[in-house]
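Colleague: I am attaching a structure below and will ask some questions about it afterwards.
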Amino acid sequence: QPARLLVPRALRQQRQLQKQRQQQRQRQQQQQLQKQRQRQRQRPQQRQQQLQKQRQQQRQQQRQQQQQLQQQRQQQHQRQQRPQQRQQQQQLQKQQQR
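Residue numbering for the sequence shown follows the numbering used here, beginning at 4 and increasing consecutively.
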């Protein structure tokens with residue numbers, strides 16, 4: 004009897020999966036290595052670009068924060084105004100009833 008038949012199918016499938024995963028890992032590692040090598044070649048240019056990007060992002064974040072603050076302030080004003088509006092409406096209704 005060949006040994007293969009003695010090994011149940013589930014086990015064989017598991018082993019194949021493991022092999023595939025290992026191969027994938029190896030491929031990913033190789034790709035990462037290649038990327039790293041490319042990065043090292045491109046590094047001086049990239050550093051400047053990254054710095055510029057970071058500065059731009061910081062500026063944008065600051066702008067967004069300011070806008071959010073303004074929006075929050077506006078919302079608070081609106082909230083404060085709402086009860087006053089209600090009172091005014093009630094007074095108007097009373098006058099109309101008279």
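Ideal placement from N, C-alpha and C gives every residue a C-beta, glycine not left out.
1. Quick check: what's the CA-CA separation for Gln61 versus Gln69?
2. Just to confirm, is the Cβ distance from Arg42 to Gln33 under 8 Å?
3. State the Cα-Cα distance for the pair Leu20 and Gln37, rounded to the nearest angstrom.
Modeller: Put simply:
1. 12 Å
2. no
3. 26 Å
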